[in-house]
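Q:
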Amino acid sequence: MALQKQSHLSNMEIWKRWKEERSLEAKKRLMEYYLPLVDFVSNRLASGMPGSVSKEDLASHGVMGLIDAIEKFDHLRGLQFETYASWRIRGAIIDGLRQGDWVPRSVREKAKKIEEAYQKLEQEHLRSVTDAEISSYLQVSEKEFQSMLQEITLTTLCSIDEPIKEEESETRLSVLVDETSKNPEYKVNEFFLKETLAKAIDRLTEKERTVISLFYYEDLSLSEIAEVMSLSPSRISQLHSKAILRLRGSLGRFKVQLLHE
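Going by the UniProt record's numbering, the residue at position 34 of the sequence shown is 34; the numbering climbs one at a time, nothing skipped.
#1: Consult DSSP for F73 and reduce its assignment to one of helix, strand or coil.
#2: Could I get the ranges of all uninterrupted alpha helix (DSSP H) runs contained in the segment 77-149, with 4 residues as the minimum, in chain order?
#3: Tell me, to the nearest whole angstrom, how far the beta carbon of G249 is from that of E133; I am working on the premise that it is less than 8 angstroms.
#4: In this structure, how does DSSP classify D57 when only helix, strand and coil are distinguished?
#5: Going by the beta-carbon positions, is the gap between Q41 and S86 smaller than 8 angstroms?
#6: Less than 8 angstroms separating the beta-carbons of I14 and L45?
#7: Please go through the same chain and pick out, in chain order, the residues whose beta-carbon is closer than 7 angstroms to the beta-carbon of D68, but skip the five residues on each side of it.
#8: Quick one: Cα of Y34 to Cα of H125, how far?
#9: By the 10 Å Cβ neighbour count, where 16 or more other Cβ atoms means buried, how is Q99 classified, buried or exposed?
#10: With DSSP collapsed to three states, give me the class of S241.
#11: Would you report the Cα separation of N43 and T196, rounded to the nearest angstrom?
#12: Quick one: is S241 buried, meaning 16 or more other Cβ sit within 10 Å of its Cβ, or exposed?
#13: Just how far apart, CA to CA, sit T205 and H61?
#14: If we ignore side chains and look at the alpha-carbon of each, how far apart do G65 and T83 end up?
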């Protein structure tokens, strides 16, 4: 990702003019300077999207995320704007697609059925279930199951790497709860939530864990992960979808347990 050359001093001066003087010219210059971030994030997301989703649509939502980031970013806190803006752009794209109802109801229903299948079977067997077992439960062939996974790609994209608070570096992925909470019941629930999630991750297959790690921790796109793992992008997309649905199923069981306690 290449941003145009600009000295740190002049960049800080532009931020100062925008934040302290509300100069629209300064805001425009910041938009122009950081606009490549939108292309960078939208191109990476596009590699894992169905063909029906255009890069232009992603970029359009991404621009709104960039505007939001420029509005809310605190330039005096010494944080990296590129990282913060990337979170905002990614979140705006995913939220925009969801609000625009890009995913047909039938596809959402398929995702829900697969999630429920993982939840039920893995609770029964206390292990990671195979594609054959899921296919049998859903009464479809394994080939049909793989096709279903490909269809639900968009429904399994998570914005868990967005910041929890404005301009903070902590994310939903790195911090699950407020550590300052003094509520004993809350702390117990927090412990079991983390334990449930850890066990769920352990039950993922090795390939699924690798995809999750590279996608959410190393920030590689699905196509880049495909190159690293020497698999097709469609196969990586399927592994990602299965991993997310397994994790959702495990967390769904945790929620049910809480409601019945």
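Ideal Cβ positions, reconstructed from N, Cα and C, are used throughout, including at glycine.
A: Result, derived from the coordinates:
#1: coil
#2: 81-99, 105-125, 131-138
#3: So it is not a contact: roughly 13 angstroms between Cβ atoms.
#4: helix
#5: Looking at the sequence itself, residue 41 is Val, so the reference to Gln does not match. Yes, Cβ-Cβ distance for V41 and S86 is below 8 angstroms.
#6: no
#7: R88, A92
#8: 50 angstroms
#9: Per the 10 Å Cβ criterion, exposed.
#10: helix
#11: Straight through space, the alpha carbons of T196 and N43 are spaced by roughly 34 angstroms.
#12: buried
#13: C-alpha separation (whole angstroms): 34 angstroms.
#14: 13 angstroms
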